[in-house]
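To keep things clear, I will list the structure first and then write my remarks on it.
Numbering (the working numbering), first residue to last: 32 to 398.
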């Protein structure tokens, strides 16, 4: 396997198939699989893509590739969850990865009977134990290419529903029922929610539902939202008129940085209100991220104030935490785990990521 393509190639299909590996493309590649529409996974893909290998992905991801990257439609082959592509003699089934809209687990079944699972990016959910495609292959998967973004015992952030509740139930910030600590009119309080180009939709929609309010997004974000196959009810809460809502979506990193430690950006918030001539006199910004609890400093300083402005770092992630990864691997009982994200240099050098799952691999070997 080409070392530069680690985690991008699938054993048994080397040189012929790439997963999220467009920057390693060459004319010998017969099929490109795109697990989801996040920049670090479609890196290298642009309107200049001309194959000859086709791009295989879910319908939502394919719509975004064509709309946002201007890739020719005839080069993109789309599937629904549960459907399978047949390429290079392999059957590849798309399963819901519970990451962002359109994100897929890719189940590869090769001609020789070998089975591999590539998770792309995923947030494990117990419902995955009910996927029939996985249930019937427990103990039979040769290799799991696993999203190990938060594969360290220190990453134990809560489930998504609990994290969403933390944000959505913050009555002071959302429904304006209480005056803020300096007595300002709640109707003049801005709520900022940080989000990626695609992702965090569950948080946004639940906040809007509980607040019974519209949510402002810019034209670019609205264009993306229309590709996500959201219900008309959910889509109706969004507006491109920033004066129509107190709840605004901003890009991740706008209200503060998380790495190497949490640092709120009050300058950006103040400038946003001033430059857009908005009527708000106070603001509460939320940054939902899995890195919120990654250090003692972040935990102790998750809420910071400056005058009438505050920024709150909330533990929310669309990647699996450590315990969820262990539960997923224990359920699958594969022969091997291949980490696709090396979260810690010392751990990577020592082979620690794969070693953390060895107990569940050995159980299979001993049966």
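For every residue, glycine included, the Cβ atom is placed at its ideal position computed from N, Cα and C.
{"Query": "Residue range of the unbroken beta strand (DSSP E) whose run includes residue 277", "Result": "Looking at the DSSP string, residue 277 is not in any beta strand (DSSP E), and its letter there is neither H nor E."}
{"Query": "DSSP state of residue 70 mapped onto helix, strand, coil", "Result": "helix"}
{"Query": "From 346, 261 and 305, residue whose alpha carbon lies closest to that of residue 317", "Result": "346"}
{"Query": "Near the ligand FAD: residue 86 beta-carbon under 7 Å from a heavy atom", "Result": "The ligand FAD is not part of this structure, which contains no ligands at all."}
{"Query": "Sequence-distant residues of its chain with Cβ nearer than 7 Å to residue 80 (five each side left out)", "Result": "102 and 106"}
{"Query": "Spatially closest choice to residue 61 from 165, 149 and 121, by CA coordinates", "Result": "121"}
{"Query": "Classification of residue 277 by the beta-carbon crowding that lies within 10 angstroms, buried from 16 upward", "Result": "buried"}
{"Query": "6 Å CB neighbourhood of residue 225 in its chain, flanking five on each side removed", "Result": "281, 283, 286 and 318"}
{"Query": "Which listed residue (118, 111 and 322) has its alpha carbon closest to that of residue 292", "Result": "322"}
{"Query": "The segment 328 to 342 / the segment 301 to 318 touching (three or more Cβ pairs under 8 Å)", "Result": "yes"}
{"Query": "Host alpha helix (DSSP H) of residue 360 (start-end)", "Result": "353 to 363"}
{"Query": "Residues bridged to residue 118 [DSSP beta-bridge criterion]", "Result": "121"}
{"Query": "Test item: CB-CB of residue 236 and residue 250 under 8 Å", "Result": "no"}
{"Query": "Three-state secondary structure assigned by DSSP to residue 127", "Result": "strand"}
{"Query": "Where the alpha helix (DSSP H) containing residue 199 begins and where it ends", "Result": "191 to 199"}
{"Query": "Three-way DSSP call (helix, strand, coil) for residue 389 in this model", "Result": "helix"}
{"Query": "Beta-carbon proximity check, residue 84 vs residue 371, cutoff 8 Å", "Result": "no"}
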